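Q: Quick note on my numbering: the sequence shown kicks off at 1375 and runs consecutively.
For each residue, glycine too, the CB sits at the ideal point set by N, CA and C.
Being a predicted model, the structure only gives us computed values, none of them experimental.
Take a look at this one; I'll ask things after.
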Amino acid sequence: MKQTSILLIIFTLFTSSIFGQITGRIVESPTEAPLEYATAALYSTSDQSLVTGVITLEDGSFSIDNIGKGNYYLEASFMGYETKTIQSITVIKRSIPVSVGTIALAINSDELDEVLVKAKKSAVINKIDRQVYSASTFQNTQGGSATDIVRNLPSVTINSQGEINVRGDQGFVLLINGKPIQGSPSDFLNQIPANAIERVEMITAPSAKYDPEGKSGLMNIITKKGALNGSFAQINVNAGLPSIENYDNKANTQRYGIDGIYNIKKDKWNISLGASYQRKDISGRREGFVYTIVDGVYTEFPSDGERSFDEENYSGRFTVDFTPNKNNDFSLGFYAGKRDKARTADIIYNNQAYPVGDEDNKIFELTYLNENLRIRRGDFILGSLDYTHLFKNTSTLSGSVLYEFTQLGGPTTNQNLNYPDTENLIQDEYNTNDNPLNGFRTQIDYTLKPFSFGTLETGYQFRTLNNRGDFYYGRRYDYDDDFERVDMFSSDIDLKRNIHSGYVQLTGAKDKWEYAAGLRLEILDRELMLADKAGTTEETLYYNYEKLFPSAQLQYNINESTALKTSYSKRVDRPSAFKLNPFREREHSETLEQGDKNLLPEFTDLVELGITKKLGKSNSLFATAYFKHVENLVNRVNKVYDGPPIDPQDPRFDNVVLDRIYSNVGTGQSLGVEFGANFNLTEKWTNFLGANIYNFKIDGEYDGKIIKGNATQYSFNLNSSYDFTDTATLQFTFNYLSERKTAQGEDSRFYSPNLSFKKSFLENRLVATLQWQNMDMGLLNTNEQRITTSEPNSFFTTTNYVYEVDMVMLNLSYTFRNTKNKSKFIDSEFGKKEF
């Protein structure tokens, strides 16, 4: 035993004297943002043979261990960036590690129009686990919100109701600078100014180090922040011309806003401030027809009238980064916003009922005006604190805490008035719908010193959520009366959810291969308290699981211009309090909404196979085929209301109401392909085309009825820009969503063409953008969508939503700057994260 120990000591001393270590960090130039998954390849100087290679960590660092004595050179590379070679690297022994310092890679000049002045980036850069889209590509979004940017991405569609889908599903998680948001993604995206966004990352098959929530993956919004010493400020104002089209709405639309950014960076400190105000109104109409058949009675209720939106958003953000030395980094951030979105639906109904097949024998006829005002709030506060420590052996330890408060919901007023004598009140109803959410997350991550086979990462996360719902529903029949509570529509709910999770992740590279694999264990405890306002029903339900969520990514770089990759990820969609609420909620005259207290999470298995390719000097494309299998698929199912009388004093309303119920209905499968292409037809004419086509199958049942469907759907987004001069650009965008088959019907196609002209003045400090949104000119059916559902011998409903077209906006942006390197401080000066 003693001899063995002596031999081991001798071997250790011997190997430590002949093997060395090379460390460094790869970043983007000139932003100094770290490049994760960049490649550091080490070559022998004597015969130019490849010795080994590694890929960088999230902070851009790398370490190549167990290198023998000798002379080497290193190549740092990343797809879309120019390769840089570090010559004359000499390894003596392990006790004297060799550091090559920070290696800055510039974006490939083939993908730029003018390298130093304009810094025009490629629309998309592909990484092993994500696509990264530059916000500056989409100039028509200036003065708008993050929603206007993401609608241009290949995998994203937005329909007439403002629902955001990724690869056909609403189940995606929004990250703000890497921080997960537990509230509504659409609410947050509508409040983030487009001018404050640097880029958007689509991570459709995330690794195990990310929370597994979201069956369509993650959308990470990266906001702007200065990366060079100096100060930077930008102010943007926008205003819309009066509406061109007339929709007979009561009030005129108002569209204007202002937002600003201020950033100062000085050595160890980086402070950023931002604020915005936006008023965004949309005019429109709704044309509908519904019939029901209940107990042999046919009841129809065609409708027509105003459906418009008034929206106000306020938001502010503050971050401060402190880096006392190269081994420690602190970051504190706050983000808050206030949102009110009022949907006005003043609809005239012409109801009539008669026995089936006996139209002349009317049971009743009723014409009335339904004045419905639904206000939805999106007030929120986010606060985060992060710390990262870099050890001498290049291991890293990081920790973070995040708190979120979001005020969801808002009141709904619903008045049924006699028509045309609208002074005569039939019903006056009111719903509170207060739905606050409190969320807390803490996380700790540790990255081990790189091994020869790759880098190991591990971490632990705790998340907690408390989502309450206070639903009071009142009704009166005279304006002088007090509202009386309607028990069947009034309830209290309280959703509490605690999640403990831990992960281990391996990333590495060898020769032309890059790989990553991980496993995450998640333990969930869910408690749901339910109570009706009458006090007759009160119960608490519990649900929990312990599940493993594996992930894997593999990429093969055929050459400098072509790469193949494949990935697998297991995901989960946890139901919200809204979808778990089993008490009916009356939103307007003809619809009730209801959840399922026993709703199970959706579990998704996703497999991808993709290729990225550079074509010639300045063209490129990527294509990703994917297969998605969903268990416990949640679907919204419509059926004729069959509960107790809605209004005991007026039974005419019982047969003119549909129940919309969220329920697990079975399994769903999607098989599709998405692709994106940069193609420059001339030196001044650049184009980006993104598309997604997929086949969706549903196999399940609800309420004893079989639900099956099989349909192919597609969408595409075109972005085409022509540079007349270095300071004048015309851009055309076109967003198209095909017809979509649903479990009980179909949604029609939906599209929107837009045109913008951007002109720069005063050495690019002043930029004016004139926008023509939702182009129509009376020749198209822009911004219009029909939604139809039906059940044989039960009900039929079709509604055409017609929203405002030919909207003209003007956005002015002025930049103040005081930096040490003004020539590079244009579009590409902003780093990776805000907080």
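Is it right to say arginine 1683 is buried, meaning 16 or more other beta carbons lie within 10 angstroms of its own, or is it exposed?
A: Here residue 1683 refers to the residue found at position 309 when the sequence shown is read from its first residue. Note on identity: in this sequence residue 1683 is phenylalanine, with arginine being the wrong assignment. With 16 or more Cβ atoms within 10 Å of its Cβ, phenylalanine 1683 is classed as buried.
Q: Going by DSSP in three states, phenylalanine 1863 sits in which element: helix, strand or coil?
A: As a position in the sequence shown, residue 1863 is number 489, starting the count at 1. The answer is helix: DSSP assigns phenylalanine 1863 an H, G or I state.
Q: Do the CB positions of threonine 2060 and glycine 2119 come within less than 9 Å of each other?
A: Indexing the sequence shown from 1 puts residue 2060 at position 686. Indexing the sequence shown from 1 puts residue 2119 at position 745. No, the pair does not count as a contact, with Cβ atoms beyond the cut-off.
Q: Please state the DSSP three-state secondary structure of aspartate 2028.
A: As a first step, residue 2028 must be located in the sequence shown, where it is residue number 654. In the structure shown, aspartate 2028 sits in a helix (DSSP, three-state: H, G or I).
Q: Under the three-state reduction of DSSP, which class applies to glycine 1394: helix, strand or coil?
A: Within the sequence shown, residue 1394 is the residue found at index 20, counting from 1. Three-state result, glycine 1394: strand.
Q: Excluding the 5 residues flanking serine 1998 on each side, which residues of the same chain have their C-beta closer than 6 Å to its C-beta?
A: By one-based count along the sequence shown, residue 1998 stands at place 624. As written in the sequence, residue 1998 is threonine, which differs from the serine given in the question. Within the same chain, threonine 1998 has close Cβ partners Glu1982, Gly1984 and Glu2048.
Q: With a floor of 3 residues, list each beta strand (DSSP E) that falls wholly inside the segment 1557 to 1617, ordered by position along the chain.
A: 1571 to 1577, 1592 to 1597 and 1604 to 1614
Q: At a cut of 8 Å, does the segment 2132 to 2144 reach the segment 2161 to 2175 through at least three beta carbon pairs?
A: Under the 8 Å Cβ criterion, the segment 2132 to 2144 does not count as touching the segment 2161 to 2175, having fewer than three qualifying pairs.
Q: Do tyrosine 2036 and leucine 1974 come within 9 Å of each other at the CB atom, strictly closer than that value?
A: Here the question's residue 1974 lines up with position 600 in the sequence shown. Here the question's residue 2036 lines up with position 662 in the sequence shown. Cβ distance not < 9 Å, so leucine 1974 and tyrosine 2036 don't count as in contact.
Q: Rounded to whole angstroms, what is the Cα-Cα separation between isoleucine 2080 and lysine 1944?
A: Here residue 2080 refers to the residue found at position 706 when the sequence shown is read from its first residue. Here residue 1944 refers to the residue found at position 570 when the sequence shown is read from its first residue. Approximately 27 Å, taken between the alpha carbons.
Q: Give me, in chain order, the residues of the same chain whose beta-carbon lies closer than 8 Å to that of arginine 1399; leave out the 5 immediate sequence neighbours on both sides.
A: Start at 1 with the first residue of the sequence shown, and residue 1399 comes out as number 25. Hits under 8 Å: Pro1408, Thr1430, Asp1433, Gly1434, Ser1435, Phe1436, Gly1475, Thr1476 and Ile1477.
Q: CB of aspartate 2150 to nearest heavy atom of the ligand COA: below 8 Å?
A: The ligand COA is not part of this structure, which contains no ligands at all.
Q: On the DSSP letters alone, give me the boundaries of the alpha helix (DSSP H) that alanine 1497 sits inside.
A: Mapped onto the sequence shown, residue 1497 falls at position 123. Where alanine 1497 is concerned, there is no enclosing alpha helix (DSSP H), given that its DSSP letter is neither H nor E.
Q: Any idea what DSSP makes of glutamine 2118, helix, strand or coil?
A: Counting from one through the sequence shown, the residue named residue 2118 turns up at place 744. Residue state, collapsed to three classes: coil.
Q: As an exercise, report each continuous beta strand (DSSP E) stretch of at least 3 residues that is fully enclosed by the segment 2090 to 2154, in chain order.
A: 2102 to 2111, 2119 to 2121, 2124 to 2135 and 2140 to 2147
Q: At what residue ranges does the segment 1923 to 1983 contain a whole run of the beta strand (DSSP E), taking only runs of 3 or more?
A: Fully enclosed beta strand (DSSP E) runs of 3 or longer: 1936 to 1947, 1959 to 1962 and 1965 to 1968.
Q: If you measure between the beta carbons of glycine 1828 and leucine 1880, is that distance less than 9 Å?
A: For the purposes of this step, residue 1828 is taken as the residue at position 454 of the sequence shown. For the purposes of this step, residue 1880 is taken as the residue at position 506 of the sequence shown. A contact, by the Cβ cut-off of 9 Å.
Q: Report the residue from Thr1666, Thr2056, Thr2101 and Gly2074 whose alpha carbon sits nearest the alpha carbon of aspartate 2040.
A: One-based indexing of the sequence shown puts residue 2040 at position 666. With the sequence shown as reference, residue 2040 is identified as glycine, and aspartate is not the correct amino acid for it. For glycine 2040, the closest C-alpha among the options Thr1666, Thr2056, Thr2101 and Gly2074 is that of Gly2074.
Q: Does the structure place the segment 1798 to 1808 close enough to the segment 1755 to 1775 that three or more beta carbon pairs sit under 8 Å?
A: no
Q: State yes or no: is the C-beta of alanine 1613 within less than 9 Å of the C-beta of methionine 2183?
A: To locate residue 1613, count along the sequence shown from 1; it is residue 239. To locate residue 2183, count along the sequence shown from 1; it is residue 809. The answer is yes: Cβ separation under 9 Å.
Q: Looking at the structure shown, is serine 1423 part of a helix, part of a strand, or coil, going by DSSP?
A: Reading the sequence shown from its first residue, position 49 is the one you call residue 1423. Correct three-state label for serine 1423: coil.
Q: If you draw a straight line from the C-alpha of valine 1547 to the C-alpha of leucine 1592, how long is it?
A: Start at 1 with the first residue of the sequence shown, and residue 1547 comes out as number 173. Start at 1 with the first residue of the sequence shown, and residue 1592 comes out as number 218. For valine 1547 and leucine 1592, the distance between alpha carbons rounds to 5 Å.
Q: With which residues is alanine 1905 paired in a DSSP beta bridge?
A: For this step, residue 1905 is matched to residue 531 along the sequence shown. According to DSSP, alanine 1905 bridges with Asp1866 and Glu1912.
Q: Name the DSSP bridge partner or partners of arginine 1815?
A: Within the sequence shown, the letter at position 441 stands for residue 1815. Answer is Leu1776 and Arg1837, bridged to arginine 1815.
Q: Grouping DSSP H, G and I as helix and E and B as strand, with all else coil, what is threonine 2041?
A: Position 667 of the sequence shown, counting from 1, holds the residue named residue 2041. In the structure shown, threonine 2041 falls within a strand segment according to DSSP collapsed to helix, strand and coil.
Q: Closer than 6 Å by C-beta to isoleucine 1632: which residues in its own chain qualify, once you throw out the five before and the five after it? Chain order, please.
A: As a working note, residue 1632 is residue 258 in the sequence shown. Excluding positions up to five away in sequence, the list reads Val1611 and Tyr1651.
Q: For asparagine 1551, does the count of other Cβ atoms within 10 angstroms reach 16, so buried, or fall short, so exposed?
A: Residue mapping note: residue 1551 aligns to position 177 of the sequence shown, counting from 1. With 16 or more Cβ atoms within 10 Å of its Cβ, asparagine 1551 is classed as buried.
Q: Within the continuous alpha helix (DSSP H) that includes threonine 1318, where are the two ends?
A: For the chain, the structure presents residues 1375 to 2209; residue 1318 sits outside this window and is missing.
Q: Which whole-angstrom value describes the C-beta separation of leucine 1811 and glycine 1557, a residue pair presumed to lie in contact below a C-beta threshold of 8 Å?
A: In the sequence shown, the residue the question calls residue 1811 occupies position 437. In the sequence shown, the residue the question calls residue 1557 occupies position 183. Rounded, the Cβ-Cβ distance is 6 Å, consistent with contact.
Q: Taking 9 Å as the CB-CB limit, is tyrosine 1651 close to chain E?
A: Protein chain content of the structure displayed is limited to a single chain, and chain E is not contained in it.
Q: Threonine 1806 and phenylalanine 2169 look like a contact to me (Cβ under 8 Å); what is the Cβ gap, rounded to whole Å?
A: Translated into positions along the sequence shown, residue 1806 becomes position 432. Translated into positions along the sequence shown, residue 2169 becomes position 795. Incorrect: roughly 29 Å between the Cβ atoms, too far for contact.
Q: Pop quiz: arginine 1333 and tyrosine 2175 are said to be a contact at Cβ under 8 Å. What is the actual Cβ separation, rounded to whole angstroms?
A: Look at the range of the chain in this structure, 1375 to 2209, and you will see that residue 1333 is not part of it.
Q: For leucine 1915, which option in Lys1907, Pro1924, Met1903 and Lys1921 has the closest C-alpha, if you only look at C-alpha atoms?
A: For this step, residue 1915 is matched to residue 541 along the sequence shown. Cα-wise, what sits closest to leucine 1915 is Met1903.
Q: Using the Cα positions of glutamate 1485 and threonine 2103, report the straight-line distance between them to the nearest angstrom.
A: Within the sequence shown, numbered from 1, the residue matching residue 1485 stands at position 111. Within the sequence shown, numbered from 1, the residue matching residue 2103 stands at position 729. Below a pLDDT of 50, predicted positions are generally treated as unreliable, and glutamate 1485, at 40, falls in that range; no measurement from the model is reported.
Q: Reducing DSSP to helix, strand and coil, say where alanine 1625 ends up.
A: Looking up residue 1625 in the sequence shown gives position 251. Coil, per DSSP.
Q: In chain order, what residues of the same chain have a beta carbon less than 7 Å from the beta carbon of valine 1668, not counting five sequence neighbours either side?
A: For this step, residue 1668 is matched to residue 294 along the sequence shown. Closer than 7 Å at Cβ, skipping near neighbours: Val2014 and Asn2029.
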